[in-house]
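Student: In my numbering, the protein residues as written are 60 to 456.
Please find one structure pasted underneath; my questions will follow.
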């Protein structure tokens, strides 16, 4: 994270005696990245965060990946996936590779909160499509709702409590490494620069400690070997204070300030986060390209080095009208395939501008990966089998 925060009670100096009211010492826990060479936070627990009394393996739901072969563009209807399970063990795997895995979850609030979870493989970004929830962690709590990205650092013990009556639908991006704001948005010291499309004021982080009671508390932990369940002697939500630059935070897609040009701008202007060999972009409502002869939708393009995964979450995506793409849809345009507007969409967009249209209403989350994406079981269950031929069909074939 680009800036320092203090939450709750911490001593004046690091690594000095910090005593509880009963005279005992609080237990320190340093959460740090890259072997003490990058961002970190120092947490103070009432109990030892190391005390476990049991460890057992956990059988994970099928998440096997298969290659996108024979190669073709694909589309998925997440609204066709079943509702149920929690946000940790109920993940329905759509796509993935050695750098990132992307899943979809639809949680019924009546099913109750998720169990405690710690991803020790990498950072996670959870995008909230619909509904609301309380994100609880050792750092404190965050209330999140539609349009929020929730960025969770590696190793953070947390759980999800869906709130309200609406189904809590989310896209989960799990990295094998760290997810951060793009370096070009930050000064050499970590402050967001003036040209960045969002800044520190747009980020929400826990503001007070979260205390919970309980003994012999299970926590599901993900490592590269799979899932384990560690039983902690005391509840890990016993932090009285922490400080540092590493913590979970939320950022709402509506706070992303689009960068516009007179002619159509490429996807990097929409970049929101970067991870190991992938980027996350936010397509938000914005003014249409305003050159007198602009073509106000994307041109045909072929990203020879990346797969493009696009999750449509709001508005009207003009470029692919008639292809079956709507809110809740996902398109996957792999390297090796040229993609672009549906036939007739270019002319229709120009005519719409002539008739007074000045803005686009689309909202979408895109993940571009620099290694091929393979397909998960959930993708097979909700695929639109006709999507690959939609360009030819709309051209009259």
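Beta carbons are placed, not taken as given, at the ideal position from N, Cα and C, and that holds for glycine.
Treat the numbers as computed from the prediction; the structure is a model and nothing was measured.
Measuring CA to CA, which of 312, 132 and 415 is closest to residue 329?
Tutor: Along the chain shown, read from residue 1 onward, the residue named residue 329 stands at position 270. Nearest C-alpha to residue 329: 312.
Student: Within the segment 402–449, note down every full alpha helix (DSSP H) run reaching 4 residues or more, in order along the chain.
Tutor: 404–413 and 436–440
Student: Could you spell out where the beta strand (DSSP E) holding residue 122 opens and where it closes?
Tutor: What you label residue 122 is simply residue 63 of the chain shown in a count that begins at 1. According to the DSSP assignment, residue 122 belongs to no beta strand (DSSP E), since it is labelled neither H nor E.
Student: Quick one: is residue 95 buried, meaning 16 or more other Cβ sit within 10 Å of its Cβ, or exposed?
Tutor: As a working note, residue 95 is residue 36 in the chain shown. Under a 10 Å Cβ-count criterion, residue 95 is classified as exposed, with fewer than 16 other Cβ atoms of the shown protein chains found around its own Cβ.
Student: Please report how far the alpha carbon of residue 349 lies from the alpha carbon of residue 409, in whole angstroms.
Tutor: As a working mapping, residue 349 is identified with position 290 in the chain shown. As a working mapping, residue 409 is identified with position 350 in the chain shown. When the Cα atoms are used, residue 349 and residue 409 turn out to be separated by approximately 11 Å.
Student: To the nearest angstrom, how far is the alpha carbon of residue 137 from that of residue 389?
Tutor: As a first step, residue 137 must be located in the chain shown, where it is residue number 78. As a first step, residue 389 must be located in the chain shown, where it is residue number 330. Rounded to whole angstroms, residue 137 to residue 389 spans 7 Å at the Cα level.
Student: If the criterion is Cβ atoms closer than 8 Å, does the pair residue 83 and residue 436 meet it?
Tutor: As a working note, residue 83 is residue 24 in the chain shown. As a working note, residue 436 is residue 377 in the chain shown. Contact flag unset, no.
Student: Using the three-state DSSP reduction, which class does residue 235 fall into: helix, strand or coil?
Tutor: Locating residue 235 in the chain shown gives position 176, counting from the first residue. Shown here, residue 235 sits in coil according to DSSP, grouped into three states, outside any helix or strand.
Student: Given 8 Å as the limit, is there contact between the segment 163–179 and the segment 198–205, that is, 3 or more CB pairs closer than that?
Tutor: no
Student: State the DSSP-derived secondary structure class of residue 452, mapped to helix, strand or coil.
Tutor: Here residue 452 refers to the residue found at position 393 when the chain shown is read from its first residue. In the structure shown, residue 452 adopts helical secondary structure according to DSSP, grouped into three states.
Student: With DSSP as the reference, label residue 356 as helix, strand or coil.
Tutor: Here residue 356 refers to the residue found at position 297 when the chain shown is read from its first residue. Here residue 356 sits in coil by DSSP.
Student: Could you check the C-alpha separation between residue 247 and residue 450 for me, to the nearest Å?
Tutor: Position 188 of the chain shown, counted from the start, is the residue given in the question as residue 247. Position 391 of the chain shown, counted from the start, is the residue given in the question as residue 450. Roughly 45 Å separates the two Cα atoms.
Student: Going by the CB atoms, is the gap between residue 306 and residue 179 shorter than 8 Å?
Tutor: Within the chain shown, the letter at position 120 stands for residue 179. Within the chain shown, the letter at position 247 stands for residue 306. Against a cut-off of 8 Å, the Cβ pair of residue 306 and residue 179 comes out as no contact.
Student: Is the separation between the beta-carbon of residue 230 and that of residue 342 shorter than 8 Å?
Tutor: By 1-based counting over the chain shown, the position of residue 230 is 171. By 1-based counting over the chain shown, the position of residue 342 is 283. In this structure, residue 342 does not lie closer than 8 Å to residue 230 by Cβ.
Student: In the structure shown, what three-state DSSP assignment does residue 139 receive?
Tutor: Here residue 139 corresponds to residue number 80 of the chain shown, with the count starting at 1. Helix at residue 139.
Student: Please identify the residue among 88, 80, 111 and 208 whose C-alpha is closest to the C-alpha of residue 290.
Tutor: The sequence position of residue 290 within the chain shown is 231, counting from 1. With distances taken between Cα atoms, residue 290 lies closest to 111.
Student: In whole angstroms, what separates the C-alpha of residue 321 from that of residue 425?
Tutor: Within the chain shown, residue 321 is the residue found at index 262, counting from 1. Within the chain shown, residue 425 is the residue found at index 366, counting from 1. Spanning the alpha carbons of residue 321 and residue 425 requires a straight line of approximately 23 Å.
Student: If you reduce the DSSP assignment to three classes, tell me which class residue 62 lands in.
Tutor: Residue numbering aside, residue 62 sits at position 3 when the chain shown is read from its first letter. Three-state result, residue 62: coil.
Student: Where does residue 433 land, buried or exposed, given buried means 16+ other C-beta within 10 angstroms?
Tutor: Counting from one through the chain shown, the residue named residue 433 turns up at place 374. Classified as buried, residue 433 has 16 or more neighbouring CB atoms from the shown chains inside 10 Å of its CB.
Student: At a cut of 8 Å, does the segment 268–275 reach the segment 72–90 through at least three beta carbon pairs?
Tutor: A contact is defined here as three or more CB-CB pairs under 8 Å, and the segment 268–275 fails this definition with respect to the segment 72–90.
Student: Hey, does residue 364 have any beta-carbon neighbour from chain B nearer than 8 Å?
Tutor: Absence of chain B from the displayed structure is noted, only one protein chain being present.
Student: In this structure, does DSSP put residue 277 in helix, strand or coil?
Tutor: As a first step, residue 277 is located in the chain shown; it is residue number 218 there, counting from the start. Strand.
Student: Can at least three beta-carbon pairs, one atom from the segment 323–338 and one from the segment 141–151, be found at a separation below 8 Å?
Tutor: no
Student: Would you decide whether residue 134 is buried or exposed? Buried here means 16 or more other CB atoms lie within 10 Å of its CB.
Tutor: The count along the chain shown starts at 1 and reaches residue 134 at position 75. So residue 134 ends up on the buried side.
Student: Could you check the C-alpha separation between residue 109 and residue 252 for me, to the nearest Å?
Tutor: Residue mapping note: residue 109 aligns to position 50 of the chain shown, counting from 1. Residue mapping note: residue 252 aligns to position 193 of the chain shown, counting from 1. Distance between the alpha carbons of residue 109 and residue 252 is about 39 Å.
Student: Using DSSP bridges, identify the partner residues of residue 114.
Tutor: Counted from its first residue, the chain shown places residue 114 at position 55. Per DSSP, 289.
Student: What is the C-beta distance between residue 130 and residue 395, in whole angstroms, given that I count them as a contact (C-beta under 8 Å)?
Tutor: The residue labelled residue 130 in the question sits at position 71 within the chain shown. The residue labelled residue 395 in the question sits at position 336 within the chain shown. So it is a contact: roughly 5 Å between Cβ atoms.
Student: Excluding the five sequence neighbours on either side, which residues of its own chain have a C-beta within less than 7 Å of the C-beta of residue 336, listed in chain order?
Tutor: On the chain shown, position 277 is the one that residue 336 refers to. Contacts found: 158, 428, 429 and 430.
Student: Return the chain-ordered list of same chain residues with a C-beta closer than 7 Å to the C-beta of residue 316, the five sequence neighbours on each side being excluded.
Tutor: On the chain shown, position 257 is the one that residue 316 refers to. Excluding sequence neighbours, residue 316 sits near 256 and 257.
Student: Where does residue 107 sit, in a helix, a strand or coil, going by DSSP?
Tutor: Mapped onto the chain shown, residue 107 falls at position 48. Residue state, collapsed to three classes: coil.
Student: Using a threshold of 8 Å, state whether the C-beta atoms of residue 182 and residue 211 are closer than that.
Tutor: Start at 1 with the first residue of the chain shown, and residue 182 comes out as number 123. Start at 1 with the first residue of the chain shown, and residue 211 comes out as number 152. Yes.
Student: Identify whether residue 366 lies in helix, strand or coil by the three-state DSSP scheme.
Tutor: Here residue 366 is taken as the residue at index 307 of the chain shown, counted from 1. Strand at residue 366.
Student: Taking a contact to mean a Cβ-Cβ separation below 8 Å, would you say residue 120 touches residue 86 in this structure?
Tutor: Numbered from 1 along the chain shown, position 61 holds the residue referred to as residue 120. Numbered from 1 along the chain shown, position 27 holds the residue referred to as residue 86. No; because the gap between Cβ atoms is not below 8 Å, this pair is not in contact.
Student: Tell me whether the beta-carbon of residue 302 lies closer than 8 Å to the beta-carbon of residue 69.
Tutor: The residue given as residue 302 occupies position 243 in the chain shown. The residue given as residue 69 occupies position 10 in the chain shown. Yes, the pair counts as a contact, with Cβ atoms nearer than the cut-off.
Student: What first and last residue would you give for the beta strand (DSSP E) that runs through residue 302?
Tutor: To locate residue 302, count along the chain shown from 1; it is residue 243. Residue 302 -> beta strand (DSSP E) spans 298–303.
Student: Determine whether the beta carbon atoms of residue 346 and residue 417 lie at a separation below 8 Å.
Tutor: For the purposes of this step, residue 346 is identified with residue 287 of the chain shown, where counting begins at 1. For the purposes of this step, residue 417 is identified with residue 358 of the chain shown, where counting begins at 1. Cβ atoms of residue 346 and residue 417: closer than 8 Å.
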